[in-house]
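Worksheet: the structure to be examined is printed underneath.
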Amino acid sequence: MNPAKYYEENFETRAIHAGQDARQWNCRAVVPPLVLATTYQLAGPDVKSTYVYSRSGNPTRDALEKCIASLEDAEYGSYL
């Protein structure tokens, strides 16, 4: 028996849990916090930041992209 196949998660499990690794949040949240709108603090004008403007990207959208990628067995997800 292939151990990798044994531990493969079902579609339903991935739909619920994909993209929701609690270690990625900067707080103690177990599920991703909903980030609807916020202002991000930048380290400086020449320093690249992950998030600059919440409409172009935020932690909630990143979690959704990871979940969609998992459900589509793709490298990355697109919700466009």
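Okay, so the sequence shown: first residue is 1 according to full-length UniProt numbering, each after it adds one. Every residue gets a Cβ at the ideal spot worked out from N, C-alpha and C, and that includes glycine.
Which listed residue (the options) has its alpha carbon closest to that of residue i
i: E9; options: L71, Y51 and G44; result: L71
i: V30; options: Y40, T39, T38 and G19; result: G19
i: T38; options: Q24, E65 and P59; result: P59
i: D21; options: K48, E12 and C67; result: C67
i: Y40; options: D46, R28 and S54; result: S54
i: V35; options: E65, A69 and R61; result: R61
Beta-carbon spacing of residue i, residue j below 7 Å
i: G57; j: Y51; result: yes
i: P33; j: A63; result: no
DSSP beta-bridge partners of residue i
i: T13; result: In DSSP, T13 forms no bridge with anything.
i: T39; result: Y53
Fully enclosed by the region 45 to 80, which alpha helix (DSSP H) runs are 4 residues long or longer? Every unbroken stretch of the alpha helix (DSSP H) spanning 4 or more residues and falling wholly within the region 45 to 80 is given here in chain order: 59 to 71.
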